Each structure stands twice: as C-alpha cells, then as structure tokens.
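Numbering (the numbering used here), first residue to last: 633 to 886.
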C-alpha cells in the first residue's frame with residue numbers, strides 16, 4: 633500500500649476516526665519500469681465503542697488505464713496546439729499580405745507617372761515579383777492542411793540574390809514613410825551570387841524583418857544584405873532602433 637509512512641498516516645487517521653475511506657493512485661517505478669496501482673481502503677469493522685478494528689481494501693493495477701488517460705490528454709493538447717497555430721497563422725497573414733500589396737499598389741502608381749520605358753520595365757518587374765509573392769501567401773492561407781502537416785511547398789530555382797535584394801531595397805524604400813530613416817541594401821558587402829532557393833520565401837522573410845525594423849526605428853538607418861561563408865549564405869537586417877530585450881532574444885523565431 634505505497635510508502636510505509638503514508639500507510640501509517642492513513643491507519644492513524646482511521647484509528648482517530650478522522651477518515652473512514654481512502655482512495656489513492658500511486659506510480660511505482662522499479663528498474664525503470666513504471667506501474668500504476670489504485671488503492672481503495674475503508675473501515676471493515678468497529679468494536680463496541682465504535683473504534684475501527686479492521687480495515688478492508690483492494691489494490692488494482694491501472695497501468696493501462698493511466699496510459700489511455702495520458703494518451704487522451706496528449707491528443708487534447710495537440711488538438712489545442714493545432715488550433716492555436718492556425719489562429720496565429722491567420723492573424724499574421726494580414727501582416728504578410730500587406731507587404732507585397734503595398735509594393736504592387738505603389739509601383740503600379742509609379743508606372744503611370746513615368747515616361748521612361750526602361751524605368752517602367754523595372755517597375756513592372758517589381759510588381760510581377762510581388763504578385764508572385766502575394767499569390768504564394770494566399771495559397772498558403774487556402775491550404776491550411778500544410779500547417780497541420782507541418783509542411784511548406786518550396787519552388788527551388790536559381791536566384792540572382794544581388795538583383796533580388798536591389799528589388800527588395802526599392803520596395804522597402806517605397807514603404808518607408810519616415811524621412812528620418814534611411815533604408816539601404818549593402819551592395820558593396822554583398823557579392824553577386826546565384827543561389828538555388830525559393831525566391832518568394834527569401835523575399836518574404838527579409839521583408840518581414842525590414843518591416844519589423846521600420847516599426848521600431850524612429851531615426852537612423854536600416855541596412856540589409858547577405859554574405860557567403862563557405863557553403864552557407866547569411867542574410868541580415870540591421871537597424872538603429874530600440875533593439876530586442878536580451879530576455880526576449882530566444883523568442884524571436886518562435
């Protein structure tokens with residue numbers, strides 16, 4: 633009946649008539665093997681003065697039942713987490729959609745106001761890139777099964793990172809409404825580089841980081857770029873804003 637001290641405590645309480653019934657569930661671990669046991673004990677007989685003189689009890693192995701209970705709890709937690717992730721995903725989509733949409737609206741307006749054919753072609757190219765990015769985001773929203781499966785579709789092609797980042801710079805400058813903040817792509821530190829990757833996903837992540845920098849930078853600069861180190865490419869966004877508190881750094885990519 634479990635630990636000796638616990639048993640003696642129950643017996644003593646029954647002797648003092650403080651309790652007349654005990655129901656416990658205990659986990660017994662032996663050689664790394666776990667077993668759950670349920671105990672039910674009650675007073676079986678009293679003497680002529682009403683004092684308990686006999687206890688009656690039963691012990692049952694409830695290991696399987698406990699396993700089923702734990703599986704149900706785990707399934708419930710996983711379902712709740714799935715719903716939470718979907719809710720968070722949909723809430724963030726307004727932020728995701730706004731980035732390419734602003735670029736499409738802004739550069740479409742510029743196309744109508746410029747007479748230079750080369751400049752028009754450049755703006756059309758930026759609009760097209762943001763169209764593709766917006767389409768990818770909308771497809772993600774419509775296909776919620778991707779979230780449940782924990783998967784994403786990637787369209788891997790050769791991407792010229794230098795020209796991609798030049799386009800990101802133009803788009804970011806258009807979104808910037810604060811004259812006290814200068815946004816620039818560090819071209820001198822970012823060599824021309826062809827990389828096999830998903831162009832829209834790279835743009836999506838870098839744009840999100842730039843938008844966050846814009847949100848928390850009152851004056852100064854936001855600079856971004858990339859660098860190659862052996863077989864890896866490092867992307868970065870730096871700003872003169874308030875920064876992230878040290879105790880929150882581990883939560884950034886949560």
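The beta carbon of each residue, even a glycine, is placed where N, CA and C say it ideally should be.
None of the values given here were measured: they were computed from a predicted structure.
- When C-alpha distances from residue 767 are compared across 755, 785, 752, the shortest belongs to 785.
- Bridge pairing for residue 691: 671 [DSSP].
- Within the same chain, Cβ atoms closer than 7 Å to the Cβ of residue 686 are found at 676, 677, the five residues on either side in sequence being excluded.
- For residue 641, DSSP assigns no beta-bridge partner whatsoever.
- Here the alpha carbon of residue 665 sits roughly 25 Å from the alpha carbon of residue 689.
- Around the beta carbon of residue 871, 16 or more other beta carbons lie within 10 angstroms, which makes this residue buried.
- Between residue 797 and residue 816, the beta carbon gap of about 10 Å keeps them out of contact (Cβ cut-off 8 Å).
- Residue 788 is a Cβ neighbour of residue 830, given a cutoff of 8 Å.
- Contact between the stretch 725 to 740 and the stretch 693 to 704 is absent, with fewer than three C-beta pairs closer than 8 Å.
- When rounded, the separation of the alpha-carbon atoms in residue 704 and residue 875 is 42 Å.
- Counting C-beta pairs closer than 8 Å gives three or more between the stretch 836 to 851 and the stretch 800 to 809, which meets the contact rule.
- When DSSP states are grouped into helix, strand and coil, residue 666 belongs to the strand group.
- The alpha helix (DSSP H) runs of length 4 or more contained entirely in the stretch 780 to 807 are, from start to end of the chain, 793 to 807.
- In summary, residue 861 is exposed, with fewer than 16 beta-carbon neighbours lying within 10 Å of its beta-carbon over all protein chains present.
- In this structure, the beta-carbon distance from residue 668 to residue 657 falls below 8 Å.
- Bounds of the beta strand (DSSP E) holding residue 814 are 813 to 817.
- The C-alpha of residue 869 is placed about 16 Å away from the C-alpha of residue 851.
- Listed as beta-bridge partners of residue 678 by DSSP are 684.
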